[in-house]
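Under the numbering used here, residues 14 to 129 are what the sequence shown spells out, in order.
All C-beta atoms, glycine included, are put in the ideal place defined by N, C-alpha and C.
Okay, structure first, notes after.
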Amino acid sequence: MVVVVQAMGQNWHTEHFVCCACGTKLANQSYYERENNPFCTTCYEEKFCPRCTLCNKPIVDTAVLALGNCWHQGCFKCNNCNEPISDTSFELYREKAVCSDCGKLLRKLKVDTTAF
């Protein structure tokens, strides 16, 4: 009996439905399609997903675009309190990103933040 995989609008023998980059068999697992080619998750993320500025890992979900870079939501952090900047508002203080609360506090205290 021949086992066939239906994917990308075609029928494939299971041994032929493989990642076009590394050859990993893709039957019964998640895959990505790009330009009519199947990719395993690892190869797709390595080749096509932007990299986080902080951790250098692929960003496969929502990215934060700030200061000319891409970040995971949890990696874009305040340079003062180190908490993730979760809302869309942040401030630059001495050319570093800080959350709105820390920005207000630092301006009020006029803290020398050259150590950032």
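Worksheet item: In this structure, does DSSP put Lys123 in helix, strand or coil?
Response: What you label residue 123 is simply residue 110 of the sequence shown in a count that begins at 1. Residue state, collapsed to three classes: coil.
Practice prompt. With Lys109 as the anchor, note down where its beta strand (DSSP E) starts and where it stops.
Written response: As a first step, residue 109 must be located in the sequence shown, where it is residue number 96. Residue range 109 to 112 is occupied by the beta strand (DSSP E) that includes Lys109.
Practice prompt. List the DSSP bridge partners of Val16.
Written response: Here residue 16 refers to the residue found at position 3 of the sequence shown. Its beta-bridge partners do not exist; DSSP assigns none.
Practice prompt. State the beta-bridge partners of Phe103 as determined by DSSP.
Written response: Start at 1 with the first residue of the sequence shown, and residue 103 comes out as number 90. Note: Phe103 sits in a beta bridge opposite Cys112.
Fill in: Where Leu78 falls, given that 16 or more other Cβ within 10 Å makes a residue buried
Within the sequence shown, residue 78 is the residue found at index 65, counting from 1. The residue is exposed, with fewer than 16 neighbouring Cβ atoms inside 10 Å.
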